[in-house]
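Input: a single structure, listed below in structure tokens.
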Amino acid sequence: MAEDILHEVTQADYKYGFTTDIETDIIPIGLNEEVVRIISAKKNEPEWMLEYRLKAYQHWTTMTMPDWAHLNVPEIDYQSISYYAAPRTNNPKSLDEVDPELLKTFNKLGIPLEEQMALSGIAVDAVMDSVSVKTTFKETLAEKGIIFCSFSEAVEHHPDLIRKYMSSVVPVSDNFYATLNSAVFSDGSFVYIPKGVRCPMELSTYFRINAINTGQFERTLIVADEDSYVSYLEGCTAPSRDENQLHAAIVEIVVMKNAEVKYSTVQNWYPGDKNGKGGVYNFVTKRGICKGENAKLSWTQVETGSAITWKYPSCILLGDNSSAEFYSVAVTNHHQQADTGTKMIHLGRNTRSHILSKGISAGVSNNSYRGLVRVGANADNARNFSQCDSLLLGDKCGAHTFPYMEVNNETAVVEHEATTSKISEDQIFYCNQRGISTEDAVGLIVNGYAKEVLNKLPMEFAVEAQKLLQITLEGSVG
Amino acid sequence: MLEIKNLHASINGKEILKGLNLTVRAGEIHAIMGPNGAGKSTLSSVLTGNPAFEVTHGEVTFLGKDLLELAPEKRANEGIFLSFQYPVEIPGVSMVNFMRTAINEQRKYRGLAPVSATDFLRMMREKKELVEMDNKLTNRSVNEGFSGGEKKRNEIFQMAMLEPKLSILDETDSGLDIDALRIVANGVNKLKSANNASIVITHYQRLLDYIVPDFVHVLYDGRIVKSGDKTLAFELEEKGYDWIKQEVEGK
Ligand SMILES: Nc1ncnc2c1ncn2[C@@H]1O[C@H](COP(=O)(O)OP(=O)(O)O)[C@@H](O)[C@H]1O
Ligand SMILES: [Mg+2]
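Chains U and X are the protein sequences, given in the same order.
Per the numbering used here: the first sequence = residues 5 to 482.
Per the numbering used here: the second sequence = residues 3 to 253.
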């Protein structure tokens, strides 16, 4: 195990940067009403879905890119992107029909799609570019009434659930990228956990960008009905390319009375090279609602990838006694930029939220925490505690904290603490003197610093995430 | 074991070591004494490869290898251990994790498989007893919230875990009360063998009541200006360093 880590550490490069050579059905670049119709037609969507998309598209044409984040986002030409790309072998009925190249790709990424080889206790929906390739353990889960399928399938087979919950948390007009997503979204996952059911496996979606000059616009919708529980994990990677690629996703989560959802992300999109060339622009809207009493939502994110990250997994605490957590580790190295945080909107009584953000910056990167805590007038006894820590490796990187508090109820208690620290040369040398190399020392210190968040991840992924942190910070000290 | 010839070293362009010579053979204990600012800690930093210092001249061989060519972690894995004068705190890194990583790096360097969990825990227990270290300290992050004395004891604990061939104790005695001093010295003595050696840097003769040196050297203004047996330490204790100063400058 230590061997593995060392091996990975010595090959400093992004190790998911390969491309899969597969025939791809890709539509010409550009965005207009016709393109929206083409996407809808490719997916055989019902009329209501097309209308939804067109409405979103019309609205999007009136919007402009947000510029309030502490990010330097280059001009993006939305007409130079292709909005749909799919591996040619679509709609396989069984695993035998899935293109072996695709299976190989996901194997290489450590996500075997053969159920007998899968990590025990984890069901996967594998998405390449605009389509879902395969969802494992679908039948096993169906026995409990759990729906776990691609979003496209859900539109076809569960239209009532989709119509009821889609955009109920993130409205179509929410923001520039969310509206764009609503117009052109391709695939993603849908999860429904019925009343009283505890999902027996981890559910996870693995997003892979493969095709060139494309954007990925996936959508995920999770509905946990009363008294249910599910833990869900999202992972993502992309090839190393000199061109920037756009990824604008939406995740919506609905948590009913007494239900609990844990959503974890290990975001490892291609970050660009050491000089800031290439990399994914990750502009994502993630939001959940604790709709009923005692509902519980927890976001855990480990953000190591992407050239630019703009992402604020949030929670609306509507139900009385509901609670939400946000645990985040965001690492930026070289020229990466991240502006990430959360919004906790307390509306119900006795609602609680806990924010723990750990930023790690190295190189010439910029890392910002941006968090809003809002307490509505009726949210008696609302409680929030926020802890935002920044760790700096080197003196050319930036760490910033932007906390916002809007408290409209006197009984609320909102607390915020922030710290900034640095890995010192003395600490590194101390480790060196005990036989530990600088890379390993940084890994030890960073993982120690991020431990509280990493411990929130499902076990199998915590180990992966630890290695990832170390690899991301390769060569950042000394 | 260790051969230092005409060593010159500087920090930020300021020369601190000005032609230092020293030979240490296996089985020996060398005490280095000298006034504040003489360059004692600089010597330990240079021997262990602290990148803040620049070696401008001279050579150092350790067990036949050119020590100055080796990265700090390689020197450590070759068997050089420094008990720091000012051990740093490393928040978030547990002592257990830190020690296991260090042990396994050393084992890997020597072509051995990682230590098993049971062996590791047994080692931890034994060495903790050796330096009478409290369990609660090894459950914490490295040196975090340790008192000055606890930090020093932790250095000796790590030394016991890593079983170095050459240990350099940089003022390990300062800040220790007499009981702690006895425990630390006891630890050092128990680890002593015909195959390893120690360089004990100290201000005070009292440590040398417990760790009896084979040689005592006086480091003054970047050079070893006087060497002798343990009686030299008593002489220094009695007369201070002024006579050394006069001797050196009189020459
Ligand atoms: N980081 C540093 N920058 C500049 N001068 C230093 C630094 N560290 C030590 N020195 C100087 O080097 C000299 C020797 O210091 P040191 O080796 O620590 O002495 P000792 O351990 O014998 O008391 C002193 O004059 C001290 O001021
Ligand atoms: Mg000193």
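Note that the Cβ used here is the ideal one computed from N, Cα and C, for glycine as well.
Selected residue, minimal CA-CA separation from residue i, among the options
i, options, result
"U:T65", "U:T23, U:L75, U:I126 and U:Y181", "U:Y181"
"U:D444", "X:L168, X:T50, X:T103 and X:G147", "X:T103"
"X:M163", "X:K129, X:G113 and X:N145", "X:K129"
"U:A403", "U:N298, U:H74, U:E414 and U:R41", "U:H74"
"U:D29", "U:I43, U:I85, U:N76 and U:A90", "U:A90"
"X:V117", "X:E131, X:I92 and X:M101", "X:M101"
"U:K362", "U:V335, U:I43 and U:G380", "U:V335"
"U:C392", "U:G398, U:V379 and U:F406", "U:F406"
"U:V333", "U:S327, U:S365 and U:K347", "U:S365"
"U:I33", "U:N217, U:Q470 and U:T209", "U:N217"
"X:L171", "X:I34, X:E131, X:G151 and X:T63", "X:I34"
"X:L24", "X:S12, X:F55, X:A40 and X:E61", "X:E61"
"U:V265", "U:D246, U:R245, U:G276 and U:G292", "U:G292"
"X:D223", "X:L45, X:M3, X:R27 and X:E152", "X:L45"
Any non-hydrogen atom of ligand 2 within 7 Å of residue i CB
i, result
"X:E157", "no"
"X:K153", "no"
"X:D223", "no"
"X:K42", "yes"
"U:Q271", "no"
"X:E239", "no"
"X:D181", "no"
"X:D172", "yes"
"X:Q248", "no"
"X:Q87", "yes"
Start and end residues, alpha helix (DSSP H) containing residue i
i, result
"U:Y20", "That residue, U:Y20, is in no alpha helix (DSSP H); it is neither H nor E in DSSP."
"X:G21", "Premise fails: X:G21 lies in the beta strand (DSSP E), K16 to V26, not in any alpha helix (DSSP H)."
"U:Y373", "Not the alpha helix (DSSP H): U:Y373 falls in the beta strand (DSSP E), residues N370 to V379."
"U:P163", "P163 to Y169"
"U:V201", "That residue, U:V201, is in no alpha helix (DSSP H); it is neither H nor E in DSSP."
Separation of residue j from residue i, as counted between CA atoms
i, j, result
"X:E30", "U:V306", "52 Å"
"U:G439", "X:N79", "5 Å"
"U:A228", "U:V258", "6 Å"
"U:Q249", "U:Y274", "9 Å"
"U:T23", "U:K108", "11 Å"
"U:L395", "U:I26", "42 Å"
"X:F83", "U:D191", "57 Å"
"U:A127", "X:L178", "58 Å"
"U:Y196", "U:C240", "22 Å"
"U:E160", "U:T424", "50 Å"
"X:R155", "U:Q341", "43 Å"
"U:G367", "X:G230", "51 Å"
"X:N99", "X:D121", "14 Å"
"U:G482", "U:N370", "Reliability of the predicted coordinates at U:G482 is poor, the pLDDT of 49 falling under 50, and the value obtained from them is presented with this limitation in mind. Going from the Cα of U:G482 to the Cα of U:N370 covers about 19 Å."
Where the beta strand (DSSP E) through residue i begins and ends
i, result
"U:C294", "G283 to C294"
"U:T344", "Q341 to H350"
"U:D246", "Premise fails: U:D246 is in no beta strand (DSSP E) and is neither H nor E."
"X:H1", "In this structure chain X extends from 3 to 253, so residue 1 of chain X is not present and cannot be described."
"U:S394", "R387 to L396"
"X:M35", "I31 to M35"
Buried or exposed by the 16-neighbour rule on C-beta atoms within 10 Å, applied to residue i
i, result
"U:T68", "exposed"
"U:P243", "buried"
"U:P1", "Residue 1 of chain U is absent from the model: chain U starts at 5 and stops at 482."
"U:Y408", "exposed"
"X:R124", "exposed"
"X:T58", "exposed"
"X:M88", "It should be noted that the sequence gives Tyr, not Met, for residue 88 of chain X. That one is exposed."
"U:N286", "buried"
"U:M5", "Any reading at U:M5 needs caution, since the residue's pLDDT is 27, under 50, leaving its predicted position unreliable; the model's value is listed next. It counts as exposed."
"U:D8", "The pLDDT assigned to U:D8 is 36, lower than 50, so where the model puts this residue is not dependable, and the model offers no usable value."
"U:D164", "exposed"
"X:E175", "The question names Glu, but residue 175 of chain X in the sequence shown is Asp. It is buried - the Cβ of X:D175 has at least 16 other Cβ atoms within 10 Å."
"U:E147", "exposed"
"X:I180", "exposed"
Any non-hydrogen atom of ligand 1 within 7 Å of residue i CB
i, result
"X:A104", "no"
"X:I13", "yes"
"X:A33", "no"
"X:I18", "yes"
"X:G39", "yes"
"X:G242", "no"
Closer than 9 Å, Cβ to Cβ, to anything on chain A: give me those residues from the region 83 to 94 of chain X, in chain order. Protein chains U and X are contained in the structure displayed, whereas chain A is not.
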